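Enquirer: Dropping a structure here in structure tokens format, bear with me for questions.
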Amino acid sequence: MEIQYLGHSAFKIKINNTLLITDPFLSDDPDLGIKFPKIEARIVTVSHNHHDHNGVAAVSGNPFIIRTPGEYEVSGINIFGYATFHDEKEGKERGRNTIYLIEGEKMNVCHLGDLGHVLENELVEMLGEVDVLLIPVGGTYTLDAVKATEVVRQIEPKIVIPMHYFHPKFKFKLNPVENFVKEMGVGVPEKTDKLKLSKDKLPQETKLVIMEAS
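The opening residue of the sequence shown carries number 1 in the working numbering; numbering runs sequentially from there.
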């Protein structure tokens with residue numbers, strides 16, 4: 001399995017030569033100011049219908065698009081969508097959000113989208129063993145550093161990759177990723193532009209990885 005960060009909440013995940021894209025955005029999005037690469041994929045997941053997360057037109061190849069909770073199987077990849085909220089008031093402020101659990105190559109990747117609250121124990125149990133957690137940490141619209149750290153403690157993944165945090169070109173205000181690094185208290189995190197994973201080489205304890213956008 002390979003994971004690359006495309007910026008904001010978008011990732012390219014390669015599972016058995018099948019490409020999956022999470023929360024794509026359009027290169028001409030005025031609030032982001034960053035470019036989305038030209039890319040072709042088989043699957044796209046959309047956590048919620050806000051413009052900086054639902055830019056499916058940016059992905060070519062006539063992908064299978066998943067926008068709602070449920071169970072899906074595409075090209076041998078199992079995807080489970082779980083209903084959550086974009087805020088701490090059951091969606092009354094910013095609506096609903098879908099968490100996706102992506103299963104492939106005997107590993108589980110969990111993309112939290114724009115999650116705005118800590119998880120109920122029942123959902124944590126449903127997620128089960130998570131190998132890689134993609135988690136928003138920038139606050140304002142999602143979990144902040146403190147709440148994100150609490151969610152990490154709930155899920156206990158092998159690898160944590162933060163997303164949805166400050167970028168100098170963004171027009172909306174998010175907190176820097178350093179706030180989350182400090183709150184996690186794990187020392188100097190690993191930094192990389194591509195993560196290559198196999199089940200037998202996953203860390204025994206939770207590892208924090210900061211990914212640079214490709």
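The beta carbon of each residue, even a glycine, is placed where N, CA and C say it ideally should be. As the structure is a prediction and not an experimental result, all values here were calculated from the model.
1. Closer than 8 Å by C-beta to VAL56: which residues in its own chain qualify, once you throw out the five before and the five after it? Chain order, please.
2. Within the chosen definition, does the region 102-116 reach the region 75-92 through at least 3 CB pairs nearer than 8 Å?
3. Give me the residue from THR142, ASN54 and ASP200 with the minimum Cα distance to GLU90.
4. Considering ASN97, what are the terminal residues of the beta strand (DSSP E) in which it resides?
5. Using 10 angstroms around the beta-carbon of HIS4, count the other beta-carbons present and answer buried if the total reaches 16, otherwise exposed.
6. Counting pairs of beta carbons, one from the region 26-36 and one from the region 186-195, are three or more of them closer than 8 Å?
7. Excluding the 5 residues preceding and the 5 following LEU202 in the sequence, name in chain order all residues of the same chain whose CB lies nearer than 8 Å to its CB.
8. GLU156 to GLY139, Cα distance in whole Å?
9. What are the boundary residues of the beta strand (DSSP E) that LYS201 is part of?
10. Drop a sphere of 10 angstroms on the beta-carbon of VAL152, count the other beta-carbons inside from all chains shown, and report buried for 16 or more, exposed for fewer.
11. Between the Cα of LEU20 and the Cα atoms of HIS48, GLN154, GLU2 and THR68, which residue gives the shortest distance?
12. Please report the Cβ distance between ASP193 and MET211, rounded to the nearest whole angstrom; I am assuming they are in contact, meaning their Cβ atoms lie under 8 Å.
13. Quick one: what does DSSP say THR68 is sitting in, helix, strand or coil?
14. Can you have a look at MET163 and say buried or exposed, based on whether 16 or more other CB atoms are within 10 angstroms of its CB?
15. With DSSP run on the structure shown, which of helix, strand or coil describes PHE172?
16. Does DSSP put MET126 in a helix, in a strand, or in coil?
17. Please classify THR68 as buried or exposed, where buried requires at least 16 other C-beta atoms within 10 Å of its C-beta.
18. Which of the three DSSP states, helix, strand or coil, is assigned to VAL151?
Expert: This is what the structure gives:
1. Setting aside the 5 residues that flank it on each side, VAL56 is surrounded in the same chain by PRO24, VAL44, VAL46, PRO63 and ILE65, each with a C-beta closer than 8 Å to its C-beta; the list follows chain order.
2. Taking 8 Å as the limit for Cβ pairs, the verdict is that the region 75-92 does touch the region 102-116.
3. Just measuring C-alpha positions, the residue of THR142, ASN54 and ASP200 sitting nearest GLU90 is THR142.
4. Annotation: the continuous beta strand (DSSP E) that includes ASN97 extends over 96-104.
5. The question names His, yet the displayed sequence has Gln at residue 4. Under the 10 Å beta carbon count, GLN4 is surrounded by 16 or more other beta carbons and is classified as buried.
6. Contact fails: fewer than three Cβ-Cβ distances are below 8 Å.
7. Same-chain partners within the cutoff: MET107, ASP131, LYS158 and ILE159.
8. Just so you know, the alpha carbons of GLU156 and GLY139 end up roughly 21 Å apart.
9. Bounds of any beta strand (DSSP E) do not take in LYS201, whose DSSP letter is neither H nor E.
10. The residue in question, VAL152, is buried, as its Cβ has 16 or more Cβ neighbours within 10 Å.
11. Considering only alpha carbons, the answer is GLU2.
12. Rounded to the nearest angstrom, the Cβ distance from ASP193 to MET211 is 7 Å, consistent with a contact under 8 Å.
13. Here THR68 sits in coil by DSSP.
14. Per the 10 Å Cβ criterion, buried.
15. Three-state result, PHE172: coil.
16. Helix, per DSSP.
17. A residue is called buried when at least 16 other Cβ atoms come within 10 angstroms of its Cβ; THR68 does not meet this threshold and is exposed.
18. Here DSSP, grouped into helix, strand and coil, assigns VAL151 to helix.
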